[in-house]
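Asker:
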Amino acid sequence: MANHTLIRGGTVVTAERSWRADVLVCDESIVAVGPSLEAPVGARTIDADGALVMPGGIDPHVHMELPFMGTVSVDDFLSGTACAAAGGTTMVIDFAIPAPQQSLLETYAIWRERAKKATADYSFHMAITWWSPEVAEQMAVLTREHGINSFKHFMAYKNAIMVDDATLISSFECARDLGAICMVHAENGDLVLRMQQEIFARGIHGPEGHPLSRPPMVEGEAANRACQIAGIIGVPLYVVHTSCRQAMEAIARAKLAGQRVYGESLVQHLVIDDSVYRNPDWRQSAHHVMSPPFRAPEHQAALWGGLQGGTIEVIGTDHCTFRTEQKAMGNGDFRKIPNGTGGLEERMSVLWHHGVRSGRLTPSAFVAATSTNAARIFNIYPKKGAIAVGSDADIVVWDPNATRTLSAKTHHSRNDFNIFEGMEVTGGAAVTMSRGTVLWQGGNLTPRQGHGRYINRPCFGDATRSQAIRNTFTAPTAVERQEFVP
Ligand SMILES: [Zn+2]
Numbered sequence: 002m003a004n005h006t007l008i009r010g011g012t013v014v015t016a017e018r019s020w021r022a023d024v025l026v027c028d029e030s031i032v033a034v035g036p037s038l039e040a041p042v043g044a045r046t047i048d049a050d051g052a053l054v055m056p057g058g059i060d061p062h063v064h065m066e067l068p069f070m071g072t073v074s075v076d077d078f079l080s081g082t083a084c085a086a087a088g089g090t091t092m093v094i095d096f097a098i099p100a101p102q103q104s105l106l107e108t109y110a111i112w113r114e115r116a117k118k119a120t121a122d123y124s125f126h127m128a129i130t131w132w133s134p135e136v137a138e139q140m141a142v143l144t145r146e147h148g149i150n151s152f153k154h155f156m157a158y159k160n161a162i163m164v165d166d167a168t169l170i171s172s173f174e175c176a177r178d179l180g181a182i183c184m185v186h187a188e189n190g191d192l193v194l195r196m197q198q199e200i201f202a203r204g205i206h207g208p209e210g211h212p213l214s215r216p217p218m219v220e221g222e223a224a225n226r227a228c229q230i231a232g233i234i235g236v237p238l239y240v241v242h243t244s245c246r247q248a249m250e251a252i253a254r255a256k257l258a259g260q261r262v263y264g265e266s267l268v269q270h271l272v273i274d275d276s277v278y279r280n281p282d283w284r285q286s287a288h289h290v291m292s293p294p295f296r297a298p299e300h301q302a303a304l305w306g307g308l309q310g311g312t313i314e315v316i317g318t319d320h321c322t323f324r325t326e327q328k329a330m331g332n333g334d335f336r337k338i339p340n341g342t343g344g345l346e347e348r349m350s351v352l353w354h355h356g357v358r359s360g361r362l363t364p365s366a367f368v369a370a371t372s373t374n375a376a377r378i379f380n381i382y383p384k385k386g387a388i389a390v391g392s393d394a395d396i397v398v399w400d401p402n403a404t405r406t407l408s409a410k411t412h413h414s415r416n417d418f419n420i421f422e423g424m425e426v427t428g429g430a431a432v433t434m435s436r437g438t439v440l441w442q443g444g445n446l447t448p449r450q451g452h453g454r455y456i457n458r459p460c461f462g463d464a465t466r467s468q469a470i471r472n473t474f475t476a477p478t479a480v481e482r483q484e485f486v487p
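This note's numbering numbers the first residue of the sequence shown as 2 and each following residue consecutively.
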């Protein structure tokens, strides 16, 4: 017996357009979109009068229960995806991160096991943290058999998970040949380490030392290097958490040169500036330690411009939450404060409030930045990121007039801190549906452990791949490429 839900009377908003239409869901999929649809016998109805009906959000940058800097982030796949649902997000992409020398396949299996409890859908990017012929073989297996089409590289965190250029280049070439996309955390890890040592030696030990050790040039340099290497090799590139003008300009240059390079920024970086590190309350300041750090207001203005102008396609969160007692591991040494902030539950409301209500973004541009672009870039569109017949019924009924004050007292994260504390926002999820199942309605969160499913993401087809290579300035010959191989 099929389960039907009719979402009636709303305005459907996709990345392309808005129009008055009902949406009929059967089991896990959307089966009809159109005006005045008939409710089948026994159908449940959701009244969307005055509301917008949008594809559920996709956050392609989260870390659940991540072992990092001597501790583990506190939101796990269940609490994390539940937070997501409360904020209108129905899918997350986490990062499976092997320790250097650890098998990628083993790491993938560990993440699959951890994620089984998720209440909303998920997928993984695989991090490349070391290099050998076996890594290349395992990348091929992951793309062929396990639905991974994206490989992440940390250019920072030296002596931990950072890769040098030789590894970056080997991995980029391998990913290109597989039809996968590469991703980078762009900060020059050698420079960061040097500057951390110098700043600490000068007697700056508090959280204010964190941004001083990672200035915008450090990010701009790495973003530019990654873009140029990707251009030479001919692989598409996605630059995560772009936080400053310098990095954004590197992405813009690559795009103008015809490369398939994508920019992501975090909603936190759009609305919070570096004054947080001057707060004399250690707890406040330490809770804002993440990398890249918060920036001077001029960079926020640049990021908004980049989002409006198309240099930045995706707004994510890098949701990676540590409680005060974990942040306290770095009391007396900013280098030991676990890096990370939350934002998954707040992402869409904050972007709606500051983006759409301010007039910077249209509702369709909002859908593109919170859902559809990520689905397209990571090759799961229109299964995800669309309100269309045949798409998964991942839907948010959005109340554009709902007002609330963001706070750790009311959020659903396990963190004891909310970096948007006290911010009043207008616009929020009235109903969030994950593959036809309502997880959030009328302020009630009803997570279902294990409801979330792993989403396979196929590699890009041959046509797309040859296009990516054609788009580079010069397609290097095999002989020329050997110069780049370690
Ligand atoms: Zn991250």
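A virtual CB, placed ideally from N, CA and C, is assigned to each residue, including glycine.
If you measure from each residue's Cβ to the nearest non-hydrogen atom of ligand 1, which ones come out under 7 angstroms, in chain order?
Answerer: Here the residues come out as H62, H64, F96, H186, V241, H242, D319 and C321.
Asker: Can you tell me where the beta strand (DSSP E) with H211 in it begins and where it stops?
Answerer: Segment G210 to L213 is the alpha helix (DSSP H) holding H211; no beta strand (DSSP E) there.
Asker: Just curious, the beta strand (DSSP E) that G341 is in, first and last residue?
Answerer: Run containing G341: none; DSSP gives neither H nor E here.
Asker: Regarding V34 and ligand 2, is the C-beta to nearest heavy atom distance less than 7 angstroms?
Answerer: This structure lacks ligand 2; its bound ligands are ligand 1.
Asker: Taking the DSSP output, what are the residues bridged to F69?
Answerer: For F69, which the question treats as bridged, DSSP gives the partners T72.
Asker: Could you tell me whether the Cβ atoms of T12 and V368 are closer together than 8 angstroms?
Answerer: Not closer than 8 angstroms, so no.
Asker: Can you check the stretch 21-100 for any alpha helix (DSSP H) of at least 4 residues that lies completely inside it and give the ranges in chain order?
Answerer: Counting only runs of 4 or more, we get 78-87.
Asker: Label D334 either buried or exposed according to how many other C-beta atoms from any shown protein chain fall within 10 Å of its C-beta, with 16 as the threshold for buried.
Answerer: With fewer than 16 Cβ atoms within 10 Å of its Cβ, D334 is classed as exposed.
Asker: Please report the Cβ distance between S408 and G423, rounded to the nearest whole angstrom; I am assuming they are in contact, meaning their Cβ atoms lie under 8 angstroms.
Answerer: Going by Cβ atoms, the distance from S408 to G423 rounds to 7 angstroms, so yes, they are a contact pair.
Asker: Buried or exposed, going by whether 16 or more other CB atoms sit within 10 Å of the CB of V42?
Answerer: Exposed is the call here.
Asker: Rounded to whole angstroms, what is the Cα-Cα separation between F173 and I252?
Answerer: Near 17 angstroms, if we compare the C-alpha coordinates of I252 and F173.
Asker: Could one say the Cβ of S372 lies closer than 8 angstroms to chain B's Cβ atoms, at least one of them?
Answerer: Structure shown: chain B not included; a single protein chain is present.
Asker: Measuring straight from C-alpha to C-alpha, what distance separates Y382 and I273?
Answerer: Distance between the alpha carbons of Y382 and I273 is about 31 angstroms.
Asker: Is the stretch 321-329 close to the stretch 252-269, with three or more CB pairs under 8 angstroms?
Answerer: Contact fails: fewer than three Cβ-Cβ distances are below 8 angstroms.
Asker: According to DSSP, simplified to helix, strand and coil, what is A181?
Answerer: DSSP places A181 in coil when its eight states are reduced to three.
Asker: Which ranges does the beta strand (DSSP E) cover as unbroken runs of at least 3 residues, wholly within the stretch 100-142, from first to last along the chain?
Answerer: As far as the stretch 100-142 is concerned, its whole beta strand (DSSP E) runs of at least 3 residues are 122-128.
Asker: Which word fits P298, buried or exposed, when buried means at least 16 other C-beta atoms lie within 10 angstroms of its C-beta?
Answerer: By the 10 Å Cβ count, P298 comes out exposed.
Asker: Assuming N402 is part of the beta strand (DSSP E), what are its boundary residues?
Answerer: Element bounds for N402: I396 to T406.
Asker: Thinking C-alpha only, which one of T72, H242 and M156 is nearest L194?
Answerer: The residue with the shortest Cα to Cα distance from L194 is M156.
Asker: Between G453 and S30, is the Cβ-Cβ spacing less than 8 angstroms?
Answerer: Contact flag unset, no.
Asker: What residues in its chain sit with their C-beta under 7 angstroms from that of R215, if we drop five residues either side in the sequence?
Answerer: Correct list, in chain order: E188, V193, S292, P293 and P294.
Asker: Write down the C-beta distance between V290 and V241 rounded to the nearest angstrom, noting that I regard them as a contact closer than 8 angstroms.
Answerer: The Cβ separation is near 17 angstroms, so there is no contact.
Asker: In terms of alpha-carbon separation, which member of A329, I230, S244 and R449 lies closest to R296?
Answerer: Closest by alpha carbon: S244.
Asker: So, helix, strand or coil for N4, using DSSP?
Answerer: The answer is coil: DSSP assigns N4 none of H, G, I, E or B.
Asker: Do you know how far the Cα of W20 is from the Cα of S37?
Answerer: Each residue's Cα considered, the two are about 12 angstroms apart.
Asker: Residue range of the alpha helix (DSSP H) that H270 falls in?
Answerer: Start and end: V268 to V272.
Asker: Which residues bound the beta strand (DSSP E) around E425?
Answerer: Run containing E425: E425 to S435, per the beta strand (DSSP E) assignment.
Asker: Name the residue from V268, E250 and T46 whose alpha carbon lies nearest to the alpha carbon of M349.
Answerer: Ranking V268, E250 and T46 by Cα distance to M349 puts V268 first.
Asker: Taking the alpha carbon of G495 as the point to measure from, which residue in V34, G344, T438 and F125 has its own alpha carbon closest?
Answerer: Residue 495 cannot be examined here, being either before or after the span of the chain that is shown, 2 to 487.
Asker: When the distance is taken between beta carbons, is V164 closer than 8 angstroms to T108?
Answerer: No, the Cβ-Cβ distance between T108 and V164 is not below 8 angstroms.
Asker: Comparing alpha-carbon positions, which option in N457, V397 and T427 lies nearest A87?
Answerer: Looking at the Cα atoms, V397 is the closest of the given residues.
Asker: In the DSSP assignment, find the alpha helix (DSSP H) that holds S365 and state where it starts and stops.
Answerer: Residues P364 to V368.
Asker: Put K410 into one of helix, strand or coil per three-state DSSP.
Answerer: Reduced to three states, the DSSP call for K410 is coil.
Asker: Considering only C-alpha positions, which residue in the set A394, G428 and A137 is nearest to L352?
Answerer: Residue G428 is the option with its Cα nearest to L352.
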